[in-house]
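>
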Amino acid sequence: MSLRPYIVGNWKMNGTRAMLSEARAIDRAAQRYMKVEVAVAPPYTLIHAVHREAEQIAVGAQDCHPGTDGPHTGDVSAAMVADAGAKFVILGHSERREGHGESSEEVRAKLEAAIEAGLEVILCCGEPEKTRKSGEQEEYVLDQLRASLPDTLDQAGERLSVAYEPIWAIGTGRTPTLGDIGAMHASIRTFLVERFGEQDGSQIRILYGGSVKPDNAREILAVAEVGGALVGGASLTADSFMNIALAAGEGDDQ
Ligand code: PEP
């Protein structure tokens, strides 16, 4: 598995074909930033088109259904997104957990379906603000992970990343202190090693997400156990997104 920093753009419900020029620009820049692994998750409607443009970056989906096919109007299966060109899928994002009432058990079913379909998975977790204020954030996040992850990885460890995204930091311009990010990532690492053993548990990348911007990326990405970033708003233009990638590569433009 590559241990390069993993910088993933989540375009959410943004982008029509007019955004393909940004995808092309991201891909061109990524060809020069080889110390960093760059990926984008556009809406379903653009997965195939972005995949066709991309020579360097990976393309992913933002969700998938746990089933393989059948009467699920409006849903899309893991195999379908893979067929469209997705290499990975983001699962359990707080906007799906909160906005669509997704439980951790549903997220786990989706994760198992995605692994079965050959996809890589970025599993999101993160606490609401009131939980952070009450000091129970660690327990909350580890409970989410406990319920969202399968009991064993069956060699799929290298296809899994965890993204810690405190809900109150998403799209707000606010971030936890570097110490708080480090403490949470260390707890997640300990949990993963306990759950899956040293070999699998230590190779799962733990990304940070929540208001990562070009001007804070370098310090966040330097925190121990931060293996990359999941980026929302700042991934919508090639300029800001690739400045984050540049920071992740410690300024190396090779
Ligand atoms: C996200 O929603 O995954 C995210 C991190 O958003 P933003 O970067 O805009 O806070």
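Sequential numbering from -8 applies to the sequence shown in the working numbering. Where a beta carbon is used, it is the ideal one built from N, C-alpha and C, also for glycine.
What's the call for Gln128, buried or exposed, on a 16-neighbour Cβ count within 10 Å?
buried
> Report yes if the C-beta distance between Thr163 and Ser226 is below 8 Å; otherwise report no.
no
> Pull up the DSSP beta-bridge partners for His56, would you.
His56 is bridged to Ser68.
> Assign Asn234 to one of three DSSP states: helix, strand, or coil.
helix
> Let me know the beta strand (DSSP E) ranges lying completely inside the region 0 to 61, each 3 residues or longer, listed in chain order.
28 to 32 and 49 to 52
> Could you pull the start and end residues of the alpha helix (DSSP H) that Gly240 belongs to?
For Gly240, no alpha helix (DSSP H) encloses it, and the DSSP letter there is neither H nor E.
> What do you reckon, are the CB atoms on Leu102 and Pro141 nearer than 8 Å?
yes
> Mind listing, in chain order, the continuous beta strand (DSSP E) runs of no fewer than 3 residues lying wholly within the region 137 to 163?
151 to 155
> Report the residue from Gly240, Gln22 and Gly6 whose alpha carbon sits nearest the alpha carbon of Gly224.
Gly6
> Could you compute how far the alpha carbon of Phe187 sits from the alpha carbon of Arg15?
38 Å
> Please determine if the region 23 to 34 and the region 64 to 74 are in contact, where contact requires at least 3 C-beta pairs separated by less than 8 Å.
no
> With distances taken Cα to Cα, identify the nearest neighbour of Glu189 among Ala105, Leu144 and Gly109.
Leu144
> Does any heavy atom of the ligand GDP sit closer than 7 Å to the C-beta of Leu212?
Only the ligand PEP can be found as ligands here, which leaves the ligand GDP out of the picture.
> Can you list, in chain order, the residues of its chain with a C-beta nearer than 6 Å to that of Glu120? Leave out the 5 residues immediately preceding and following it.
Once the five neighbours on either side are set aside, the close Cβ partners of Glu120 are Trp159.
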